[in-house]
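Chains A and B, in that order, give the protein sequences. The opening residue of the first sequence carries number 1 in the working numbering; numbering runs sequentially from there. The opening residue of the second sequence carries number 188 in the working numbering; numbering runs sequentially from there. Don't be surprised by glycine CBs; every beta carbon is placed ideally from N, CA and C. Data block below; observations after.
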Amino acid sequence: MKNVIQMLIVLTVIGIISGVSLSEIAIWANPKIAVNRAKETEKAIYRVQPKAKSFKKVDKIDLELYQVFDENNLPIGYAFPYEGNGFQGKIRLIVGLNDSLSVISRVEILEQVETPGLGSKITEESFLKQFIDLLTSPQIEWVKGSPPNKPNEIQTITAATISSKSVVAILNDGINKLKKLKEKGEI
Amino acid sequence: MANKNTLSYEFVKGLWDQNPILKQVLGTCPTLAVTVSALNGIAMALATTFVLTFSSLIISIVRKIIPNQVRIASYIVIIATFVTIVDYVMKAAFPDLSKALGPYIPLIVVNCIILGRAEAFASKNSPIRSVLDALGMGAGFLLALFILGSIRELLGSRTILGYQILPDFYTPWLVMILPAGAFITLGLLFGLVNLYNLSKESKKKSEIIKQYLEQNQQDKINLAEEN
Chain A
1 MKNVIQMLIV LTVIGIISGV SLSEIAIWAN PKIAVNRAKE TEKAIYRVQP KAKSFKKVDK
61 IDLELYQVFD ENNLPIGYAF PYEGNGFQGK IRLIVGLNDS LSVISRVEIL EQVETPGLGS
121 KITEESFLKQ FIDLLTSPQI EWVKGSPPNK PNEIQTITAA TISSKSVVAI LNDGINKLKK
181 LKEKGEI
Chain B
188 MANKNTLSYE FVKGLWDQNP ILKQVLGTCP TLAVTVSALN GIAMALATTF VLTFSSLIIS
248 IVRKIIPNQV RIASYIVIIA TFVTIVDYVM KAAFPDLSKA LGPYIPLIVV NCIILGRAEA
308 FASKNSPIRS VLDALGMGAG FLLALFILGS IRELLGSRTI LGYQILPDFY TPWLVMILPA
368 GAFITLGLLF GLVNLYNLSK ESKKKSEIIK QYLEQNQQDK INLAEEN
């Protein structure tokens, strides 16, 4: 009996001490983590919208979307973080679009867990630069093994076709959602 | 041979004699997973060492009041607390590193080096010895991870710690960055260590035999002289 009580007391005390110290750490760390996240998003927005001088989060919609403005405070387009499934896991990317959602200014990959050395090439400039000034209508297409010849086409990476196709599919999916919102006049 | 009871041996043994990876083969899961580059290896080893040292210290201090039946549960709670602290601090202060190590940090909880040392050492020894043991084990872990990470980074992407070592005409071996490369490299490393130990042991043995034979010879001569 004495043993049982000791067990209970010891485990409870250890639990309380660790709980208290963790909550203290969390109080210290959470604002910093939030700041880091915000900074990262900000950096990504300016990367995909190089002409932008300021941005504002678009309210009232379910999606995370940022409207960007030039130096005269005129809206020049959007920066749109979006995610979907890749070959091995989630791919999270951010895309810069013009005001009518018809042209992409740039795409950046924020998070991915594709095969290192193969699928991870989607983060490389040689792949991403294909998206600069790419047309989004009727939708983005991909070709395999030959250079693209249409203004809405990109070439997939050799040995990473699925990852490349996933990026295109995620972009199409996200942009279509935005287009629908645009038609309804919500953004 | 160093005296096995001195305090300094508690630290030194982790580096080679009882290296957690190369000799005890503990914690190979994070070892294989994070050693894509030397830097990742170092970061993982430092995080693990931090958790190992503090949990060993605490466990060693409270070792006498923890009832035997709930010791594993208590150890896990203590270890998990420190792992969560590391996770938070990394996310707050080193966001890039935390991104690179991503899901492996929470997995330090189940890294068997930590629970293994808590159970095998910290629960039976004084706080000072436990901390030294933890630091030594951490240093050994760091050494093994750095070697493994360097080999894989060098052959897989031509660099060590981001500095290019191999010339451009060398085509990187993709397999070294993939999990298969981790298994191959670690296997060869184990092989090398075992080979070294075997040769050392056989040398020792042959020396003993030689000594014995010489002694025998001497005895015979002595015996002959006496007669």
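Checklist entry - In the DSSP assignment, what are the bridge partners of Ser-214 of chain A? => result Any property of residue 214 of chain A remains undetermined from this structure, which presents chain A solely from 1 to 187.
Checklist entry - Roughly how many angstroms separate the alpha carbons of Thr-240 of chain B and Tyr-66 of chain A, rounded to a whole number? => result 45 Å
Next on the checklist: On the criterion of 16 or more Cβ atoms from any shown chain inside 10 Å, does Lys-43 of chain A qualify as buried, or is it exposed?
Outcome noted: exposed
Checklist entry - So, using beta-carbon positions, are Ser-310 of chain B and Ile-246 of chain B closer together than 8 Å? => result yes
Checklist entry - Lys-121 of chain A: buried (16+ other C-beta within 10 angstroms of its C-beta) or exposed? => result buried
Checklist entry - Just the Cα atoms here: how many angstroms apart are Ala-220 of chain B and Gly-325 of chain B? => result Straight-line measurement puts the Cα of Gly-325 of chain B at about 17 Å from the Cα of Ala-220 of chain B.
Item to check | Exposure of Ile-16 of chain A, with buried meaning 16 or more beta-carbon neighbours within 10 Å | outcome: exposed
Checklist entry - Would you call Tyr-350 of chain B buried or exposed, if buried means 16 or more other Cβ atoms sit within 10 Å of its Cβ? => result Per the 10 Å Cβ criterion, exposed.
Item to check | Secondary structure of Arg-106 of chain A, DSSP reduced to three states | outcome: strand
Next on the checklist: Give me, in chain order, the residues of the same chain whose beta-carbon lies closer than 7 Å to that of Leu-135 of chain A; leave out the 5 immediate sequence neighbours on both sides.
Outcome noted: Ser-102, Val-103, Pro-151, Asn-152
Checklist entry - Buried or exposed: which applies to Val-4 of chain A, given that a residue is buried once 16 or more other Cβ atoms fall within 10 Å of its Cβ? => result exposed
Checklist entry - Between Ala-189 of chain B and chain A, is there a C-beta pair that is closer than 8 Å? => result Any reading at Ala-189 of chain B is ruled out, since the residue's pLDDT is 49, under 50, leaving its predicted position unreliable.
Next on the checklist: At the 8 Å Cβ level, is Lys-278 of chain B part of the contact set with chain A, yes or no?
Outcome noted: yes
Next on the checklist: Any contact between the stretch 254-273 of chain B and the stretch 214-232 of chain B? By contact I mean 3 or more CB pairs, one from each, below 8 Å.
Outcome noted: no
Checklist entry - From the beta carbon of Ser-261 of chain B, is the nearest beta carbon of chain A less than 8 Å away? => result yes
Item to check | Chain-ordered neighbours of Leu-365 of chain B on chain A, where CB pairs are closer than 9 Å | outcome: Near Leu-365 of chain B (Cβ distances below 9 Å), the residues of chain A are Thr-115, Pro-116, Gly-117, Leu-118.
Next on the checklist: Which complete alpha helix (DSSP H) runs does the stretch 76-134 of chain A hold, if anything under 4 residues is left out?
Outcome noted: 125-128
Next on the checklist: Please classify Phe-80 of chain A as buried or exposed, where buried requires at least 16 neighbouring CB atoms within 10 angstroms.
Outcome noted: buried
Checklist entry - Which partner residues of Val-143 of chain A appear in the DSSP bridge assignment? => result Answer by DSSP bridge pairing, in chain order: A:Gln-155.
Next on the checklist: With the cut-off set at 8 Å, would you say Ala-232 of chain B and Phe-328 of chain B are in Cβ contact?
Outcome noted: In this structure, Phe-328 of chain B lies closer than 8 Å to Ala-232 of chain B by Cβ.
Checklist entry - Taking the continuous alpha helix (DSSP H) assigned at Trp-28 of chain A, which residues delimit it? => result 2-48
Next on the checklist: Less than 6 Å between C-beta atoms, sequence neighbours within five positions excluded: which residues of the same chain meet that for Arg-92 of chain A?
Outcome noted: Glu-83, Leu-110, Glu-111
Checklist entry - Who does Thr-346 of chain B pair with in a DSSP beta bridge? => result B:Gln-351
Item to check | Counted within 10 angstroms of its Cβ, other Cβ atoms place Ala-38 of chain A as buried (16 or more) or exposed | outcome: By the neighbour-count rule (16 or more Cβ atoms within 10 Å), Ala-38 of chain A is not buried but exposed.
Next on the checklist: Could you check whether the Cβ of Thr-268 of chain B sits closer than 8 Å to any Cβ belonging to chain A?
Outcome noted: yes
Checklist entry - Is it buried or exposed for Tyr-357 of chain B, if we count other Cβ within 10 angstroms and need 16 for buried? => result exposed
Item to check | Simplified DSSP state of Pro-217 of chain B, which is helix, strand or coil | outcome: helix
Checklist entry - Is the stretch 20-37 of chain A touching the stretch 269-287 of chain B, taking contact as three or more C-beta pairs under 8 Å? => result By the Cβ rule, the stretch 20-37 of chain A counts as touching the stretch 269-287 of chain B, because three or more pairs are nearer than 8 Å.
Checklist entry - Can you give the Cα-Cα distance for Ala-189 of chain B and Gln-6 of chain A, rounded to whole angstroms? => result Low per-residue confidence applies at Ala-189 of chain B: pLDDT is 49, beneath 50, and the placement is therefore not dependable, though the value from the model is reported in the following sentence. Approximately 41 Å between the Cα atoms of the pair.
Next on the checklist: I'd like to know if Ser-18 of chain A contacts chain B, where contact means its C-beta is closer than 8 Å to some C-beta of that chain.
Outcome noted: Output row for Ser-18 of chain A: interface = yes.
Checklist entry - Counting Cβ pairs, one atom from each stretch, are 3 or more of them under 8 Å apart for the stretch 327-342 of chain B and the stretch 359-366 of chain B? => result Between the stretch 327-342 of chain B and the stretch 359-366 of chain B there are three or more inter-stretch CB-CB distances shorter than 8 Å, so the stretches are counted as touching.
Item to check | Cα-Cα separation, Ile-371 of chain B to Leu-379 of chain B | outcome: Answer to the nearest angstrom: the Cα atoms are 12 Å apart.
Next on the checklist: Give me, in chain order, the residues of the same chain whose beta-carbon lies closer than 8 Å to that of Leu-332 of chain B; leave out the 5 immediate sequence neighbours on both sides.
Outcome noted: Ile-208, Thr-218, Val-221, Thr-222, Gly-228, Ile-229, Met-231, Ala-232
Checklist entry - Hey, Leu-118 of chain A and Ala-160 of chain A: beta-carbon distance below 8 Å or not? => result yes
Checklist entry - Would Lys-32 of chain A count as contacting chain B if we go by Cβ distances under 8 Å? => result yes
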